[in-house]
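For reference, the structure is listed below as structure tokens.
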Amino acid sequence: MIGILVVTALGIVVKNPETGLAYTVIPETIFSFENPVSAMAPTFGQLTLKGMFSGSPEMVLGVIFAIISFLFVDLFDSIGVLLGVASKAGLVDEKGNIPCAGKALFVSAGGAAVGAVLGTNTVTIYGAESATGINEGGRTGMTACVTGILFILTLFFSPLFLMIPSIATAPALVMVGIFMIEPLRKMELNDISIALPVFLTVALMPFTYNIAYGILFGLIGYTVGQIAAGKTKQITKTVWVLTAVFLLYMILDIVL
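All the letters of the sequence shown, read from the start, carry residue numbers 925 to 1180 under our numbering.
Structure below.
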């Protein structure tokens, strides 16, 4: 927090060499009392399936593929973040299971559905905020509730918080990444069949800027690694099915 405040203050006098403007722009007012109903009016309830399947076969196939893509991205984004923060919080048992994970995924799916109706971007689990809360000692839903209430309060002071430049929050996100990578110490990285999917997952998440793609390639890498090591019996039916689905997804992504 101190670092963010210091960088924000320095951003008032330090200018961006590309734009010539200060990194931190002081707002004209610190209060915002915009009517949320009128702000959502242009997009609220505009979700419609009308004409979705009335176009050409290629268009219909493209729409179906887009829906499947959003499904995979939302599902595996949520699973990836949930596994990361749960491992950091010590909530994963010896078998790798997370208690009440179904409820957490239900909330994430509900947020995505409600967000679509409200006309906003897909609502999903936020890894950075969750990891920060856990690192500060949060272990229950009370942490999320308090954070949510504080976010609601910031709506009335949005100009003040929006003045914080991205260069002030970026170092905090780097620290969050360091905290979340700690569970890798528990992985059996001396086994290449395990090290391969771990490397693919960790490397491709930042390079593709997508958690879901990291998990996708990681799972495919796991299957390939187990086959190469002659450990096909350790591959569950679920992993076989997901690997086949992911490969089909990648092929369709290239073709379409």
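For every residue, glycine included, the Cβ atom is placed at its ideal position computed from N, Cα and C.
For clarity, every value in this text was computed on a predicted model and none was experimentally measured.
- Secondary structure of Lys939 (DSSP, three-state): strand.
- The beta carbon of Gln970 sits closer than 7 Å to those of Gly1043, all from its chain and outside the five residues before and after it, given in chain order.
- In the DSSP assignment, Ala946 is bridged to Lys939.
- Here DSSP, grouped into helix, strand and coil, assigns Gly1149 to helix.
- Here Thr967 carries a coil assignment [DSSP, helix/strand/coil].
- A direct Cα-Cα distance of roughly 32 Å separates Tyr1137 from Gly927.
- Straight-line spacing of the CA atoms in Leu1077 and Pro951 works out to 18 Å.
- Between Leu1124 and Phe1170, the gap from beta carbon to beta carbon reaches 8 Å or more.
- For Met1066, the uninterrupted alpha helix (DSSP H) run begins and ends at Gly1065 to Thr1078, by DSSP.
- Less than 8 Å separates the beta-carbon of Leu1113 from that of Ala1119.
- When only Cα atoms are considered, Leu1079 and Thr1071 end up about 13 Å apart.
- With the rule of 3 Cβ pairs closer than 8 Å, the segment 1081 to 1090 counts as touching the segment 929 to 938.
- Between the alpha carbons of Leu1007 and Pro1095 lies a distance of about 23 Å.
- Taken through DSSP and simplified to helix, strand or coil, Ile1159 comes out as coil.
- The Cβ neighbour count for Asp1115, taken over all protein chains shown within 10 Å, is under 16; the residue is labelled exposed.
- Gly1043 sits in coil when the DSSP states are folded into three classes, being neither helix nor strand.
- Rounded to the nearest whole angstrom, the CA to CA distance from Ala1040 to Val1005 is 21 Å.
- Annotated three-state conformation of Gly1008 is helix, per DSSP.
- The DSSP-derived three-state label of Lys1027 is helix.
- Contact between Ala946 and Ile954 is absent: CB atoms are separated by about 17 Å, not below the 8 Å threshold.
- Listed in chain order, the alpha helix (DSSP H) elements of length 4 or more contained wholly in the segment 1073 to 1128 are 1082 to 1086 and 1090 to 1104.
- The beta carbons of Phe996 and Tyr1146 sit about 17 Å from each other, so the pair does not count as a contact at 8 Å.
- A direct Cα-to-Cα measurement between Ala1033 and Leu999 gives close to 8 Å.
- Closest in alpha carbon position to Glu1106, among Thr1093, Lys1019, Val1126 and Phe994, is Val1126.
- Here Thr943 is exposed: its Cβ has fewer than 16 other Cβ atoms, across all protein chains shown, within 10 Å.
- Taking every protein chain shown into account, the CB of Gln1158 has fewer than 16 other CB atoms within 10 angstroms, so this residue is exposed.
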